[in-house]
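Working notes, beginning with the structure itself.
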Amino acid sequence: MGSSVNGGGDVMVGRVEPCRIVELPEIVDPRGSLCVVESGKEIDFDVKRAYYMFGMPPETRRGGHGHRRLRQLIIAVHGSFKVDVDDGFNRRTFVLDHPRLGLYMTPMVWRDMVDFAPGTVGLWLVSEPYDETDYYRDYDEFLRDARSMA
Ligand code: T46
Numbered sequence: 001m002g003s004s005v006n007g008g009g010d011v012m013v014g015r016v017e018p019c020r021i022v023e024l025p026e027i028v029d030p031r032g033s034l035c036v037v038e039s040g041k042e043i044d045f046d047v048k049r050a051y052y053m054f055g056m057p058p059e060t061r062r063g064g065h066g067h068r069r070l071r072q073l074i075i076a077v078h079g080s081f082k083v084d085v086d087d088g089f090n091r092r093t094f095v096l097d098h099p100r101l102g103l104y105m106t107p108m109v110w111r112d113m114v115d116f117a118p119g120t121v122g123l124w125l126v127s128e129p130y131d132e133t134d135y136y137r138d139y140d141e142f143l144r145d146a147r148s149m150a
């Protein structure tokens with residue numbers, strides 16, 4: 001499990017390998033825990049947008065798309081869920097089950113989010129403003145482009 005995504009040179013895009021769980025710095029004292037995400041330390045992008053989700057029915061499936069440019073860090077600030085990641089060649093499933101953990105994701109990977117525990121609240125810190133043209137909504141189109149980048 002990595003502790004930082006910074007300082008490793010160019011990040012390989014369009015592969016599941018650089019997608020990974022990042023253990024966030026946790027400052028614990030008798031008042032509770034405080035976790036930090038700082039651009040240039042835990043993530044290699046400036047956060048241009050943040051959004052969060054709650055009220056997901058346990059059987060729901062979210063995502064079902066890829067991004068052309070967007071990088072992101074996903075945190076289950078409460079509860080848990082899984083993220084299935086697919087680069088057109090390989091697949092991997094990540095489990096987010098503690099607010100100290102973030103899933104760092106690079107562009108050109110397809111993602112699905114499943115198995116939401118009741119009461120889950122997820123937080124997304126992302127590198128780009130909302131732009132529908134950044135999305136692959138069609139898996140075959142994603143697959144064609146992802147494989148041609150190989
Ligand atoms: C991602 C996964 C992990 C906005 O208007 N602004 C926003 O910033 C976002 C994120 C969404 N929306 C609208 C677009 C849709 O009408 O909210 C609606 C739901 O979005 P979407 O269907 O894309 O939600 P998810 O959970 O499938 O995907 C989201 C993000 O869109 C995506 O970037 O990587 O979470």
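Read in the numbering used here, the sequence shown has 133 at position 133, and its numbers run on one by one without any break. For every residue, glycine included, the Cβ atom is placed at its ideal position computed from N, Cα and C. Please read these numbers as outputs of a predicted model, since none were measured by experiment.
Residue nearest to residue i in terms of C-alpha spacing, selected from the options
i    : options               : result
L70  : D29, M108, A117       : M108
H98  : Y139, S80, V16, F89   : S80
R61  : E26, E38, V83         : V83
G119 : F54, D140, F94, S33   : F54
R20  : Q72, G63, V28         : Q72
F116 : R100, D145, E59       : E59
M56  : K48, H78, S39, N90    : H78
D44  : M149, T93, D138, S127 : S127
Host beta strand (DSSP E) of residue i (start-end)
i    : result
Y130 : That residue, Y130, is in no beta strand (DSSP E); it is neither H nor E in DSSP.
F94  : 91 to 96
D84  : 81 to 86
A76  : 72 to 78
A50  : 49 to 54
I27  : 26 to 29
Neighbour-count burial assignment, residue i, 16 or more Cβ in a 10 Å radius
i    : result
Y51  : exposed
R147 : exposed
Y136 : buried
V85  : buried
M1   : Interpretation of M1 is limited by its pLDDT of 38, a score under 50 that renders its predicted location unreliable; no figure is taken from the coordinates.
R111 : buried
G88  : buried
Spatial neighbours of residue i in its chain, beta-carbon cut-off 6 Å, leaving aside the 5 residues before and after
i   : result
H67 : P107, D134
I75 : G102, L123
Opening and closing residue of the alpha helix (DSSP H) in which residue i lies
i    : result
E141 : 139 to 148
Contacting residues, own chain, Cβ-Cβ under 7 Å from residue i (five flanking each side not counted)
i   : result
C35 : L24, P25, E26, P99, R100
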